[in-house]
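Contents: one structure, followed by commentary.
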Amino acid sequence: MSDAWHAACPLADLPPGSRKLIKIESVDIALFNLAGTIYAIKNRCPHRSGPLIRGFVDPTGGIKCPMHGWRFDLRDGSSERPAQATTYPTKIENGYIYLAFPSPRLD
Amino acid sequence: MRLEQVDQLIKTEYTFFLQEKKDWSLTAGPQDLELVAHALRVLLHARTTPDFLPDYLGLVACQNADGGWSPFSADSESTVWVSAFCGLMAIRGNQFLHHDGIATSVHRAIDYFLDTQKQDGRWTDPRWADLDTTSHPVSFFNVVMALGEQHRRAEVLRSWESGARFIVDNQSADGGWYDTDFHPSGVEITAHLIQDALIADLVIDQRIKAIRESCTKGAAKLYEWQAQDGSWDEENVDHTMDCTRSLMVVTRALASAQGEEVILRGLRWILDHKNVQGWGDFPGMETNLERTCDGLDTLLKYQAYRQTNPLEVVKLWGYVA
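Protein chains in written order, with the numbering used here: chain A, 3 to 109; chain S, 151 to 471.
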């Protein structure tokens, strides 16, 4: 497996302070625009699969699951709880948001 | 709302639940034990436990050497929250199964909780808030006491009382319980604590005088937190089910009619936001098996809540035989 850049959505669809749920290869991914920085995290909390898209964002770049309160750093998925969330690198090109997502190797 | 509608819905949802058996049954292989415990609770309240002995034996088989269970059945490190849920299902299921292996498993679970309690009465689990975690072994011990289980009885009574006091002592002046890390809103944790830990004392032996007032204040906080549309915690299906069920048992045990309309509003919202089959975590989200188990449990408890005998619904928590 290697990472490939996937088009997520137009940047205009995710203004600062907003969030959006997208799907890439059957995986639900929650996108957040925090003051102009785009974060992408797998939508399902590793605790009880709570939907992080409905979570509570804090000013330090954390997302707290709405089900049982596990907090993850949106930058790298790290947590004080015994699990790590999956995050994806993002970039913006030509007004579009892209994220790096593992894709099967073609060779 | 007509009870007949709920009865019909229980039948169709139970059929769906059985269709998903490979995802919750230990007879199908290793499983997420929190989901397994949710499923066993459905069987218990649907009164079909005797048809599922192999599932209970599966639960016994994956009990760890220390008497606890792990979040995943194939793992070997015990954690408190899931251990209490599994132990609770074991002791309640064995009321119908009468199996020596399950009885022994319950004794080992009692040993585990007596061994893991902290000095101040709490239990801890890295996956859950301390108050929520503590409510689970207290709930297990509630049923241990209600069913007259005698294994290390005196120690169980002391441990139960210490755990229950830890919960009562940490109630906020406004009636809710909060955890800044896990449950800042307080909704789910308050619903859990009054139904799982505290209210049982009123129907078992009334050992702690403060519990009636504590539960009354907790229930009042849940009334206050309910949204106009009947939901709790920003349309959180799980927490709305928690609050609705909690108020059913707490108001019946308190002999209070005050919560009736709140419960019905919650139940209507739950029914209005179910998927074709099962429930998701929030309105419009895909069906989630654990939430579906919670939904079925809520309907089964409502069925009991509607009975003339106020203790019928209390039985579904195992606090009266």
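In this text, a Cβ means the ideal position worked out from N, Cα and C, and glycines have one as well.
In three-state DSSP terms, what is residue i?
i: A:D109; result: Caution applies to A:D109, whose pLDDT of 47 falls short of 50 and renders its modelled position unreliable; the value that the coordinates give is listed next. Correct three-state label for A:D109: coil.
i: S:C393; result: helix
i: S:S364; result: helix
i: S:E411; result: helix
i: S:H195; result: helix
i: S:H188; result: helix
i: A:D15; result: helix
i: A:R21; result: strand
i: A:T74; result: Before going further, note that residue 74 of chain A is Phe rather than Thr in the sequence given. In this structure, A:F74 counts as strand in the three-state DSSP scheme.
i: S:G217; result: coil
i: S:Y373; result: helix
i: S:N244; result: helix
i: S:P204; result: helix
i: A:E95; result: strand
i: A:K2; result: With chain A covering only 3 through 109, there is no way to say anything about residue 2 of chain A.
i: A:A10; result: strand
i: A:F58; result: strand
i: S:R357; result: coil
i: A:R46; result: strand
i: S:T458; result: coil
i: S:T229; result: strand
i: S:T251; result: Per the sequence presented here, residue 251 of chain S reads as Gly, with Thr not at that position. In the structure shown, S:G251 sits in a helix (DSSP, three-state: H, G or I).
i: S:Y469; result: coil
i: S:K424; result: coil
i: S:D379; result: coil
i: S:G416; result: helix
i: S:E154; result: helix
i: S:M398; result: helix
i: S:L176; result: helix
i: S:L209; result: helix
i: S:A341; result: helix
Which term fits residue i, buried or exposed, when burial requires 16 or more other beta carbons within 10 angstroms of its beta carbon?
i: A:N45; result: buried
i: S:P200; result: exposed
i: S:Q181; result: buried
i: S:K451; result: buried
i: A:I94; result: exposed
i: A:T62; result: exposed
i: S:T458; result: exposed
i: S:K424; result: buried
i: A:D109; result: For A:D109, the pLDDT reaches just 47, beneath the cut-off of 50, and the residue's location in the model is therefore unreliable, although a value from the coordinates is still provided. A:D109 is exposed by the Cβ-count criterion.
i: A:N96; result: exposed
i: S:A350; result: buried
i: S:Q245; result: exposed
i: S:K359; result: exposed
i: S:A454; result: buried
i: S:A178; result: exposed
i: S:K371; result: buried
i: A:P48; result: buried
i: S:Q321; result: buried
i: S:T390; result: buried
i: S:R357; result: exposed
i: S:R504; result: Since the displayed chain S opens at 151 and closes at 471, residue 504 of chain S lies outside it and no answer follows.
i: S:A143; result: No information on residue 143 of chain S is available, as it lies outside the stretch 151 to 471 that chain S covers here.
Going by the DSSP bridge assignment, what does residue i pair with across the sheet?
i: A:D5; result: A:P104
i: S:R315; result: In DSSP, S:R315 forms no bridge with anything.
i: A:N35; result: A:I40
i: S:T330; result: The partner list for S:T330 (beta bridge, DSSP) is empty, contrary to what the question assumes.
i: S:F222; result: S:D182
i: A:V111; result: Given a span of 3 to 109 for chain A in the structure shown, any question on residue 111 of chain A remains unanswerable.
i: S:T162; result: BP columns for S:T162 are empty, so no partner.
i: A:Y90; result: A:A42
i: A:P53; result: A:R46
Taking C-beta pairs closer than 7 Å, name the residues in chain B that residue i reaches, listed in chain order.
i: S:F291; result: No chain B is present in this structure, whose protein chains are A and S.
**Study point:** Contact the region 58-74 of chain A vs the region 327-340 of chain S: 3+ CB pairs below 8 Å
**Key:** yes
**Study point:** Within the region 266-295 of chain S, ranges of the beta strand (DSSP E) (whole runs, at least 3 residues)
**Key:** Listed in chain order, nothing qualifies, since the region 266-295 of chain S has no complete beta strand (DSSP E) run of 3 or more residues.
Practice item. Determine, using beta-carbon pairs with one atom in the region 401-413 of chain S and one in the region 442-450 of chain S, whether at least three such pairs fall under 8 Å. Key: no
Practice item. Count the C-beta pairs between the region 269-281 of chain S and the region 245-256 of chain S that are closer than 8 Å, then say yes if the count reaches three, no if not. Key: With a cut-off of 8 Å, the region 245-256 of chain S and the region 269-281 of chain S do not count as touching, because too few Cβ pairs lie within range.
Check your understanding: Is the region 383-395 of chain S close to the region 326-333 of chain S, with three or more CB pairs under 8 Å?
Key -> no
Check your understanding: Does the region 72-84 of chain A come close enough to the region 160-168 of chain S that 3 or more CB-CB pairs lie under 8 Å?
Key -> Cβ pair count under 8 Å is below three, so no.
**Study point:** Segment contact, 8 Å Cβ cut-off, at least three pairs: the region 282-293 of chain S with the region 226-246 of chain S
**Key:** Because the criterion of three Cβ pairs below 8 Å is met, the region 282-293 of chain S and the region 226-246 of chain S touch.
Point to revise | Touch test, the region 18-37 of chain A against the region 395-404 of chain S, Cβ-Cβ under 8 Å, three pairs minimum | key: no
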